[in-house]
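Counting with mature numbering (1 follows the signal peptide of the UniProt record, and there is no 0), you get residues -21 to -1, 1 to 956 for the letters of the sequence shown.
For every residue, glycine included, the Cβ atom is placed at its ideal position computed from N, Cα and C.
Presented below is the structure to which this report refers.
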Amino acid sequence: MRLGSLVSVTSLLLLTSTTLAFKAHDFKTCSQSGFCRRGRALSARAKDAGAAWNSPYTVDASSVSIQEGAVFKAGVKNSLYPEVNFGLEVRIQDDGVIRARIDEVGGLRKRYDEAASWALISEPRISQDIKWSAGRDAIRATYGPKKEIEVVISYQPLKITLYRGGVEQVVVNGQGLLHMEHFRNKPEPPPAATETSSEQSQPTDGEPQVVLEAAPVNHRAWFEGETEDALWEETFGTWTDTKPKGPESLSVDINFPNHGTVYGIPQHATRLALPTTTGDSPHFTDPYRLYNADVFEYLASSPVSLYGSIPLLHAHSADSTVAVFHVVGSETWIDVSHRSEKSTETHWISESGILDLFILPGPTPEAVFRQYASLTGTPVLPAQWSLGYHQCRWNYVSSEDVRSVQKRFDEENIPVDVLWLDIEYSEDHKYFMWNEKTFPDPVEMVNDVAANGRKMVVIVDPHLKRVQNYPAFKQASDLKVLVKPKSGEGEYEGWCWPGSSSWVDFFNPASWDWWKSLFKTTPQVDGSWSWTQSTEDVHIWNDMNEPSVFNGPEITMPKDNVHYGGWEHRDVHNINGMLYSNLTWQAVAARGDVPKRPFVLTRAFFAGSQRFGAMWTGDNLGTWEHMAVGIKMVLSNGVGGLSFAGSDVGGFFGNPEPEMLVRWYQVGAFAPFFRAHAHIDTKRREPYLLDEPYKSIVYSVLRLRYTMLPMWYTAFRETTVTGVPVLRPQYVMFPKDKNGFDIDDQYYIGQFGLLVKPVTEKNKRDASVYLAEDQVYYDYFNHFAYRGAAGGRNVNVPAGLHQVPLLIRGGSIVPTRERPRRASSLMKHDPFTLRVALSNTHTASGDLYLDDGETWSHQSGQFVWRGFTASKKGKVISISSSDLGKKRPGDAVDGVSLTSYDDRNEFAKSLEGVRVERIIVLGVEKKPKSVKVGGKEVEWEYLEGVGAAGRVDGGAATLVVKDPKVEITRDWEIVIA
Ligand code: NOJ
C-alpha cells in the first residue's frame, strides 16, 4: 500500500476505491533498468553468435592453489580487460555444498561482499575428504560417500560444473554470460572538436581500465555492446539514480542440463514450477525480478518483484534435485528458459555485489532443504498461540472497538488467539505512541485481551516521523543511526504514512541495542524512553520494510542513499527488511524476566528471514485469482525456507462475497499463518458478521484449525529440525513422479500425510485430487477411502461449500484436540484424539510434539515428543505410543539429556493425567473380537465399510476406540484382535 504523496486517510479511501489496478508505470521492467538491459543484451549477443561465442573469463592456471584440502583459489582474467584482476575461490563444504566466490581484486573500489554475513548462520565448515586431480586445463574435485560427486573447474574459459554419478547437474558459465563489470573511472565527456569516435566514450588520463592499446573499445563490443548503456546515471520517471560508483553489475548463467523444472526465487505471484521468461513463446516476457518493493495491487500472475527476495532456486527432475543459492543483496533479475523438457537455463543479473554462489548438490528435495537450512538456518519454532487464528483489519479504531470484537468472538464461542492493531492506533503514525483519544488505556486493553488467554499484535513500521517530540526519531537522530542521503551527510528524508520520515540504518551496529531498548515494557534504569505502555502480551508486526517510501523511486529508497560502512542502498536493498525484523525479533525476545518466543510478522524478507518469524504475501486482492495464487506463493516461500507464511484471508482489497470469504477461510485454515485482514476502505467482515449458512461454516473451519493445532505445532517442530517446509508440494513428497511436478493447488502438511486441496473457484463443489501412489487415502471427515494407483490417479472429492477436500494418506497417524475452545491457551490440558489411517499393509506412524508453547524451556528438555505406530501381525493390529524424546541427546541440561520421564521434566509432569480420549482407526477391514489395553477390554465401536472392501473406493471400515484410558505422556499399547 502506498500513496504518491501524503494524503489523509479520507482521501485515501477515495483513491483506493476508484483506482483498483496494478500501477505498472511505478515499477521498472527489465528494459527500463540499465543493468538488466545490459545483461539481457549480452545474452542476446551470445545467442546470435551461437557456437562462436566464448566467455572472455579465464582462470590463470599458474595461480591455482588448493588450501586446507578443500579450498581452490586462483586468479581470473577477463581477456578484454587484461589489466583488471579477479579472484575465484571454490570451497567444498563438509555437507557437499560448493561455494564459488568471484570478486574483483585490487580494483578501484571494493564490491559489497557482506550479503552472506546477514544470510548465513555461521561460516560453513569445509570438507576434509576431497580428492583433487589437476590437469592443464581443468581441475577436478571428487567426493561424497560413494565418491559420486565431482566438481570440475575448467580454465579456458572459466566454467564450473557439478556432476553426480557422471551426469551434469549444474553448469556455471557454460553459456559464457559471466560478466563482472569492474569498477572504472567515469570518463570525461569527449571534447567536441577532437572527438574520434562519435559512439565511444574516451578514457581519462590515468585510468587503468580503459587502455585502448590493450583492448580497443570496439574489440569489446562483441561482448559488452556497441554503446555504453546507463553506466553512470539512470532516470526512471522523475527520479535520477546518480550511480556514483558507475557500472558494477554481475551477470552469470547457471544451467541445469538434466533438470526440466525449477522452483523457488520467491516472491512472485505465479505458479510454483516457474514458467519461462525467454525463448520462442515465453510465458512471461520479463525476467523474474528480486527487488523488495511495495507493489500496489499486484497482479495475480507476474514476474514482477514483490515484498521479499530469496535468491534460491531448486532444479528438479525425476532423478535428481539440486539448488543454487546466490547470496546477493542488490536488485537481481533472473531469466528462466526451458530448452527442452529435460533441461533449464537460467541467467542471473544483479546490480552490484560479488558472485557468492552456493551449489547444493541434493540429490533429493529433502537433502536440498537440509543443505539450505544448514546455511541460513531452520525456521524458529513459533509460539504455539501464533498458529491459532489472527483477527486483523486496518483498523480496529479504539480500545473499546478491540474489546467489542473480542466480546463478539466470545459470545459466539469462536476461537481466536490474536487481535491486531494496524497503524491508526498510533498518534500521527508515530509508532509506539498511542493515540490517547482512541486508545486511552492501552495496557488495560491488552490485559483484557490477555485475560482471555489471547495476545495482541501491534504494528511498528520502520519509517520514523521526523518530529523532535517523538522519542524513537529523536534518539535515532541523536545516535546518528539514520540512513543518509546520497551526499553521505545528514539524514535521508522521505515520505510515508506519518509524512516526512527517516529510516533507521540497521546495518549500523550502534542502532541495535538502542532499538531493543525501545521495546522494554518496564522503565529503563537511565530514564530513557521505552514502551512502558505495552506489555509482554504485545507482539509486533513489521510492515513497509522493503522499505516503502511513497515519494521514492519505485516506491522505495533511492539506490544512492548511504548506509553504515559507506555502502549504497543499492548494495543492501533486499537485505534491509530482514535486518529490521531481525532486530525487532531480538527486541521482543529481550523483554521480561522469563524470555518468551517472540512473534514478529514481516512483509519484506531475504534468505534467512525464517529465523525471525512469519511473513505474509502483502496486499492481495479479494479475487478468486488472488486466493489461488496465494497458495502457490506460500508453497514457494516454503521452498525458500520461509514456512511460516500466509495470505490475507478475505483479500486485503475489496469486499468478498460470502462464498468467497468462506473459501478464503478454508484456504487460511490450511496455511501455516492464518490471519484475516482487510483494507481500511473495506466493510467490516469479522466472521460473526456473516449470515447463515456462511457464518456456521466459517465457525466450523475455525474450530477445525484449532482441533488440528497439535498437528500444526508438531509439523513446525519438524521443520525447525529438518528445514523441510511445513507445506510440502507434490514434487517434494513424490520427487520421482513427473505428473506432480507442476501441481501447486494441492499439498501435504508436514510429516502427517494430510493432503489438502482448498477450493479457490466460485460455484465449485468438487475437487479433482491427484494421488501419486498405490496407497489408500481416506477422506478426513467421512472416511471414504480412495485408492491411489501406481503411476498416479485423479479422484473426485466432494467439496460442498462447507467442505475442504482433505485426505489422510494411509500410513499416517494424526493427533488432534477436539474440545471447542476460545483460544489455544485454554487447550493445554485437553485430551487428544488420534486418527490412525492404516496403509495398504496395515501400518501407520505419526508423532506429537508438545512443550509450554511460549518459553525457551524446550531447549533444555522441557518437552514431550511421542511417537505412535500401528502394525499388524497375523490378525492382530497393535497401536502403540513411545517416547521419541529419549532419542534426542542434543536436548540437554548440564550435559544431561531430559526425556518425558525425567524427574526434572516439569512440563511432562504438568501433563500428567492428560488422556487420549479417542482413537479412530481407519481401514480395519474385519470387525475385531476384542480391543484391549494392558490386557483389559476397552469400549469401542466398529463401523462397517461401505463398498470399500479390497482395493475399491468406498466408505472405509472404521474402529472407534472410546476412552482407551491411556495417558499422552506414557507408553502404551492397544491390541486389536
Ligand atoms: C500495508 C500493508 O500491506 C497492509 O497490510 C496494512 O494494512 C497497511 N500497510 C497499513 O498499515
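>> Looking at ligand 1, does it come within less than 7 Å of residue 1042, judged from the CB to the closest heavy atom?
In response: Nothing about residue 1042 can be reported from this structure: the residues present for the chain run from -21 to 956 only.
> Closer than 7 Å: is that where the CB of Asp401 sits relative to any heavy atom of ligand 1?
Replying inline: yes
>> Going by DSSP in three states, Gln148 sits in which element: helix, strand or coil?
In response: strand
>> Can you tell me whether Tyr727 is helix, strand or coil according to DSSP?
In response: strand
> What residue ranges within the region 772 to 828 form continuous beta strand (DSSP E) runs of no fewer than 3 residues, ordered along the chain?
Replying inline: 772 to 777, 785 to 788, 791 to 795, 811 to 816
> Once you ignore the five residues that flank Ala650 on each side, which residues in its own chain have a CB closer than 6 Å to its CB?
Replying inline: Val613, Gly625
>> I'd like to check one pair, Phe653 with Trp595: are the Cβ atoms closer than 8 Å?
In response: no
>> By alpha-carbon positions, which one of Val283, Gly601, Glu379, Tyr242 ends up nearest to Val301?
In response: Tyr242
>> Tell me whether the region 844 to 859 and the region 575 to 594 touch, counting them as touching only if at least three CB pairs, one residue from each stretch, are closer than 8 Å.
In response: no
> What residue from Ala98, Asn164, Asp407, Ser106 has the CA that sits closest to Ser479's CA?
Replying inline: Asp407
>> Distance check for Trp373 and Ile402, CA to CA, integer angstroms please.
In response: 7 Å
>> Considering only heavy atoms of ligand 3, does any lie closer than 7 Å to the CB of Gly770?
In response: Judged by which ligands are present, ligand 3 is missing from the structure shown, whose ligands are ligand 1.
>> Could you pull the DSSP bridge partners for Gln380 from this structure?
In response: For the record, residue 380 in the displayed sequence is Asp; it is not Gln. Its beta-bridge partners do not exist; DSSP assigns none.
>> Between Ala279 and chain E, is any beta-carbon pair separated by less than 8 Å?
In response: Checking the listed chains, one finds no chain E in this structure; it contains a single protein chain.
>> At a cut-off of 7 Å, would you count Ile438 as near ligand 1, judging by its Cβ distance to the nearest heavy atom?
In response: yes
> If you compare alpha carbons, which of His821, Ser861, Asp862 is closest to Lys851?
Replying inline: His821
>> Distance check for Lys911 and Ile953, CA to CA, integer angstroms please.
In response: 6 Å
> Where Met159 and Trp327 are concerned, what is the direct C-alpha to C-alpha distance, given to the nearest angstrom?
Replying inline: 12 Å
> When the distance is taken between beta carbons, is His238 closer than 8 Å to Leu285?
Replying inline: no
> Apart from the five residues on each side of it in sequence, which residues of its chain come closer than 6 Å, Cβ to Cβ, to Val395?
Replying inline: Tyr368, Gln370, Phe388
> CA-CA distance, Lys2 and Pro532?
Replying inline: 13 Å
>> Quick check on Ser383: buried or exposed, where buried means 16 or more other Cβ atoms within 10 Å of its Cβ?
In response: exposed
>> Tell me the rounded alpha-carbon separation between Pro502 and Leu785.
In response: 50 Å
>> Give me, in chain order, the residues of the same chain whose beta-carbon lies closer than 8 Å to that of Leu458; leave out the 5 immediate sequence neighbours on both sides.
In response: Ala489, Ser490, Trp493
> Taking the alpha-carbon positions, what's the Arg744 to Leu99 distance?
Replying inline: 46 Å
> Between Met523 and ligand 1, is the CB less than 7 Å from at least one heavy atom?
Replying inline: yes
> Which residues in the same chain have their Cβ closer than 8 Å to the Cβ of Asp484, if we skip the five residues on either side of it in sequence?
Replying inline: Val460, Leu461, Val462, Lys463, Ser490, His542, Tyr543
> When the distance is taken between beta carbons, is Ile338 closer than 8 Å to Leu141?
Replying inline: yes
>> If I measure Cβ to Cβ from Asp420 and keep anything under 8 Å in the same chain, skipping five residues before and after, which residues do I get?
In response: Ser378
> How many Å lie between Lys444 and Gly18 at the Cα?
Replying inline: 39 Å
> With respect to 7 Å, is the separation between the Cβ of Asp492 and the closest non-hydrogen atom of ligand 1 below this value?
Replying inline: no
> Just how far apart, CA to CA, sit Arg16 and Gln46?
Replying inline: 39 Å
>> Can you look up Ile289 in the DSSP assignment and give me helix, strand or coil?
In response: coil
> For the beta strand (DSSP E) that contains Met435, what are its first and last residues?
Replying inline: 434 to 438
> Would Asn448 be called buried (16 or more neighbouring beta carbons within 10 Å of its own) or exposed?
Replying inline: exposed
> Out of curiosity, what's the CA-to-CA distance linking Asn521 and Asn487?
Replying inline: 19 Å
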